[in-house]
Structure formats: structure tokens, C-alpha cells
């Protein structure tokens, strides 16, 4: 068994090589530990362990090489258990030192860490020196050379303090230099063999020979490094995979799994570029779902999510690549088709999209009918960049929704100005009730035959502080689209009931309500609260449900009407003949009165069709045993026709213009309330 190297005498060049090896291992350990600084929890602890293991293995092997080099002239060996104990202590000490350095809340953490690392290196040096058996050499005592030990502790503490978190390469170089210097000083102080008087030459067979020990140390340390490299590669792969997954998810809608707006921003540039190169047109289609909130309110958000996923699936199956499909916003889908030759093809494509978006969906036992407003902008006619095209498609969709929805609206020049005007006006309308800009006027409702007063309809008016009077036909539809109608409707209901409660004559008060209001589950409760607050009897209140706005949530509206009627409140169908499906609406809801729109009354003297519609509406009311009231009566001839047709009630300027509350009070005081 060979217990020593064949060469004799110590050469400083070996010492330099060992120091370089120690520095390299410490530097790599610092790189591993730098990763631990960016991790938390178990991941940070794992990287701390690997960095401590690599650093400990490097110092441990460096001491083996140094001991063998110093005693190379004589046969020597190692006690393997003691040497492995030195490796274990080095690992635990370095890991503890690294852990302390990560404690940002601990004062002097780097300095304490450096001291603990130096202590673990000292313990390694002492144990490794003790494990080395060379008959003609003795092991030094650290107590005999206190200055190198103190210097080693200072070097390590200062090095850790200056290297901070080992993030920058300079910090890692400083750390590796401090660890190497500490190992050298402590080796010289506590491990380097000292020649002793001649002794009998003989080495126990239980010892590990120097060559074998170097091989063992090399294999163990190499395994540590290899495992760390494998761990680094796996971690890098994990992070790359996570990064790719994150990038994919960041560009994908989590609900529908369609690309989102971030992906569209990146992909649209190529699509527009291809359209420019091929001299083709590009259709940008915005699908905006009509009354989507109603689905959520009626069936819950699960139904709304199912509807979005269903639409996405229909579009995905029927609009294959290279058509770009995305969920652009909450209830909006954006579609870009760059493979079209003409503007006519772009319009036809928008029709195809509308047909797909209108397909009914099933959710549980329910059948969801989806209505969509489609906005269309075309490249390069309507813009040369995505932001402009999307903005204009969105404006067109908004315009489609404002005129009833469920249709296609191409972008038209000037929509931006109209949109800015409406947005400004909508912002002012939100504060109109607070700023006392809204007022009420009342219009008489009379019996057709006798002219006797039977009630008043409350009408809201808006006088803008700067723009002056705003016509109801301008701000009411805008209030419907923006949802402000809920606040305005509540204000009108409460103030009109409060005014009517002061009238001595028990005439009826009619108040308009939008389907949006009746679709809310709390509308009947609102009416009940207002009646209790104002003291107006329920039988004197009549709610007029306008039919000029589509009624999407039939079940909720039907339940609200039933509740109102149980309270004693009557419900009239307003604007009969102008809505989306007058006969279906009349059949679907238990109305107490039919109110025919003014457009038929005002044109009955010149338009035979208007006269026919009025007669039909009155006959229909008789068959349903529901009284009919005609709006817009302004002449005696109109009144005579309605009387002969059997119309029960009439309303219009023939019986006087709108009255403000003060005028009604004066009429009442003068005994003319019933006139």
C-alpha cells in the first residue's frame, strides 16, 4: 500500500495551486448562495445547503491536498472517520453562517456570519490535522499561534461584511478571497505538520493512504459540485418553464383561454404589416355583448362566465387562424381578419361574426339568448395602427348599442366628437340630482269622453348650468346606456310621489320606469319605501314601463310587475307600437293599461296606417280588458277620432301644457284641479 507521494520536498507552486482551487470552489459556492438570496422558503434553504456543501467540500479537499503536500517526504495516512467528521462540521458550520447572513433583521449579521464560518474552518483544520498521521511530524496547536487565528477571524468577518449579499461578481470575488485567506491562515496555525525528532517508521493498516484519501476527497467534492450543477440546471429549466408559462398566461385570458389584449398588441403589428404588404384590407371587429350584466344579475356570475366561454368556443371553432380572436375586455371580444380583399368582404365578415355571436347557449336548464352590438373598423380606411382601429371599432359598437343593439355599425367619421360630447354630458348628468339641476313637470291625463282629469304624468327635465335645457330625447337614452337612469329614476319616483301626496284630489300619478330599473331585484322594495316615506297610497301610483327599450330579463321584470300589483300599484305599457315586439310584450306581462305612442296620434289626420294602428290598439285593449290611453292629442279632430274609436283616456297639449308643481297647487286652491 502506498502511503505517500513519490516526490519529496515541499514546493510553493503546489501551495499556490491549492489556494487557487480553494478560491474557485469558494467562488462557485458564492454563486450558489447568491441564488439563495433571491429565493424564499424551502428553495432558499436548499440553495444555502448546496452552497455550504460545495464550499465545505472545497476547503476539506484543500486541507487534504495541503497535508499530503507538506508530508510528502514521509509515509502518512488518514483516519477516515475523523476526516469525514471534519467535512460534516465544515458543512454544518458554513450552512449556519450562510443562514445568519440572510437574516436582514439581525444586527451585525454579516460579521457574525463571518465569525461562524471562520470557526467552522478552524474546526475543520484541527480535525483534519488530527486525522492525518505522519510519524515524523506533529500537529500544531492553535493556542500556540493565536495571531494567525485572530487574523483569520477578522479577515472572514470583514470579508462577509464587505461582500454583503454576494449578488455582484466583485462581492463574490471578495468572499472567495476572504474564505481562501481564512483557510490558509488557519491551516498554518492549526493543521500544517511540524517536523519532529526521528521516530520509528510505521503506519497502521487501518489508515487510508494519502493517495487514496486524495482520490476519496476528489470524488466526494466532485460529486458535490456535480449535484450542485445538476440542481442549477434543473432550477434554470424550472424557471425557464415557469417564465414561458407565465408569459403564455400573461397573454391569455384565464376564463376563455383566448388571447388577451396584451397578445393582440404584439400580434396585430404583424397582421397589419401583412395587409400592407399584400395590399389587402384588415377588418377589426368589436363584439360588445348587450345587457350582459342582466345575465349575471338573473342567473349569477357562473352563468355569465358560461356565456363568455360558450361564445368564445363558437368563435374559436368557426374563425380559424390566421384570424386573430381575443377576449379584449370584460364583455367584449375583438377579432382581426387580415385576409380580406375589399371593404365589402370586411362588412360580410362582420355579418358572419354577428351570426355566430347570436347563437343561443345552454346553461343548465336555461337557454341564454345573447345579443351583441358589432362595431367595425377597416384598415387602412379607418386607421393605420391598432390603437386607432380598436378605438374606432369600439366607438362603432357603442353607437350600435345606443340605437338598440343587436346590429352592425361600421365606423363613421365624426364618432369621436359625438362620443366626447356624450361622455362630457354623461359626467354632468351623474351630478344633476346632487346639483339640483333636475326638475319635474306634470302633464294632464283626461277621460276621452268627458275631459275629466284622472291623473298626471310626471316628466323629468334637465337644465344644465352651462348648456341650458337638455332635451329628454337627448339625455334619457344616454342615461339608459350608462346606468345613470337608476339614480334619476329613484329621484323622479320619490319627488313625484312626495308632490302627489300633497294633492287633495285622489288623482293618479304616472311615473316612467325603464326595464333596467324593473330588472333590478330591489325595484319593488324601492317603490314600497317611497310610498311609506311620502304617504302616497299605492292605488294612486301607476308605473309606466316603456317598450322602446328592449326587455332582456323577462322573468325578473315579470316578477317585479306581479309584486307591484300585489302592493296595489298599477303598471302601464308605455310607447305601445314603437317597441321591439309589442304583442309579445303585452302577452308576457300583466299590464293594467296600454299607452299608445304620440307618433300615431299626431299623424292620424294624414296617415291612414296610423289610424288603423290606433283602432287596432284600442280593440286589442278591449279584448284584453285593458284601458287604452293615447298620447300627443293636440287637436279636436284627433280627440274626436279617439272618442269614436272607443279610447278611454287621452293626454296631450289640447288639455294644457306641462305644469310645474306650483301651478298645480294654484289650480287646486282655485278649485280647478278637476278641470
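Numbering (full-length UniProt numbering), first residue to last: 1 to 675.
The beta carbon of each residue, even a glycine, is placed where N, CA and C say it ideally should be.
For residue i, which residues of its own chain have a beta-carbon under 7 Å away from its beta-carbon, when the five flanking residues on both sides are left out?
| i | result |
| --- | --- |
| residue 479 | 429, 485 and 488 |
| residue 650 | 446, 448, 629, 630, 633, 639 and 642 |
| residue 621 | 594, 627 and 628 |
| residue 637 | 605 |
| residue 331 | 288, 289 and 292 |
| residue 318 | 356 |
| residue 119 | 93 |
Could you check where the alpha helix (DSSP H) with residue i kicks off and where it finishes?
| i | result |
| --- | --- |
| residue 375 | Element bounds for residue 375: not the alpha helix (DSSP H) but the beta strand (DSSP E), 372–379. |
| residue 515 | 515–518 |
| residue 440 | From DSSP, residue 440 is part of no alpha helix (DSSP H) but of the beta strand (DSSP E) over 438–447. |
| residue 601 | 598–602 |
| residue 175 | 169–190 |
| residue 647 | Looking at the DSSP string, residue 647 is not in any alpha helix (DSSP H), and its letter there is neither H nor E. |
| residue 507 | That residue, residue 507, is in no alpha helix (DSSP H); it is neither H nor E in DSSP. |
| residue 98 | 80–101 |
| residue 458 | Premise fails: residue 458 lies in the beta strand (DSSP E), 453–464, not in any alpha helix (DSSP H). |
| residue 76 | Residue 76 -> no alpha helix (DSSP H), and no H or E assigned at all. |
Hey, would you say residue i sits closer than 7 Å to residue j, going by beta carbons?
| i | j | result |
| --- | --- | --- |
| residue 326 | residue 264 | yes |
| residue 377 | residue 392 | yes |
| residue 501 | residue 534 | yes |
| residue 25 | residue 58 | yes |
| residue 462 | residue 432 | yes |
| residue 19 | residue 180 | yes |
| residue 310 | residue 361 | yes |
| residue 371 | residue 290 | yes |
| residue 44 | residue 56 | no |
| residue 375 | residue 409 | yes |
| residue 121 | residue 183 | yes |
| residue 396 | residue 411 | yes |
| residue 492 | residue 441 | no |
| residue 614 | residue 600 | yes |
| residue 117 | residue 147 | no |
| residue 702 | residue 152 | Look at the range of the chain in this structure, 1 to 675, and you will see that residue 702 is not part of it. |
| residue 213 | residue 64 | yes |
Please list the terminal residues of the continuous beta strand (DSSP E) segment that includes residue i.
| i | result |
| --- | --- |
| residue 574 | 570–576 |
| residue 411 | Premise fails: residue 411 is in no beta strand (DSSP E) and is neither H nor E. |
| residue 259 | Taken as a continuous stretch (DSSP letters only), residue 259 belongs to no beta strand (DSSP E), as it is neither H nor E. |
| residue 288 | 281–289 |
| residue 624 | Looking at the DSSP string, residue 624 is not in any beta strand (DSSP E), and its letter there is neither H nor E. |
Beta-carbon within less than 6 Å of residue i's beta-carbon, same chain only, minus the 5 sequence neighbours each way: which residues are those?
| i | result |
| --- | --- |
| residue 544 | 510, 512, 572 and 574 |
| residue 162 | 174 |
| residue 323 | 337 |
| residue 328 | 261 and 334 |
| residue 111 | 157 and 161 |
| residue 221 | 57 and 61 |
| residue 363 | 303 and 306 |
Applying the criterion that 16 or more other CB atoms from any shown protein chain within 10 Å of the CB defines a buried residue, is residue i buried or exposed?
| i | result |
| --- | --- |
| residue 660 | exposed |
| residue 176 | buried |
| residue 6 | With a pLDDT of only 37 at residue 6, under 50, the local geometry of the prediction cannot be trusted, and the value read off the model is given with reservation. Counting Cβ neighbours within 10 Å, residue 6 comes out exposed, since fewer than 16 surround it. |
| residue 625 | exposed |
| residue 239 | exposed |
| residue 657 | exposed |
| residue 243 | exposed |
| residue 226 | exposed |
| residue 662 | exposed |
| residue 42 | exposed |
| residue 499 | buried |
| residue 508 | buried |
| residue 450 | exposed |
| residue 415 | buried |
| residue 456 | buried |
| residue 3 | Interpretation of residue 3 is limited by its pLDDT of 32, a score under 50 that renders its predicted location unreliable; the figure taken from the coordinates is listed afterwards. When all chains shown are included, residue 3 counts as buried. |
| residue 398 | buried |
| residue 103 | exposed |
Would a check of beta-carbon distances place residue i closer than 7 Å to chain C?
| i | result |
| --- | --- |
| residue 636 | Although the question refers to chain C, the structure presented lacks it and comprises just one protein chain. |
If you drop the 5 nearest sequence neighbours on each side, which residues of the same chain put their C-beta closer than 8 Å to that of residue i?
| i | result |
| --- | --- |
| residue 516 | 480, 483, 485, 486 and 549 |
| residue 475 | 425, 429 and 462 |
(request) Decide if the stretch 255–273 is in contact with the stretch 360–374; the criterion is three or more beta carbon pairs, one per stretch, under 8 Å apart. (result) With the cut-off at 8 Å, the stretch 255–273 and the stretch 360–374 do not touch.
(request) Would you be able to state if there are at least three C-beta pairs under 8 Å between the stretch 77–84 and the stretch 209–220? (result) A contact exists between the stretch 209–220 and the stretch 77–84.
(message) I want to know whether the stretch 338–350 touches the stretch 227–235 - three or more CB-CB distances under 8 Å.
(response) Result no; under three Cβ-Cβ pairs closer than 8 Å.
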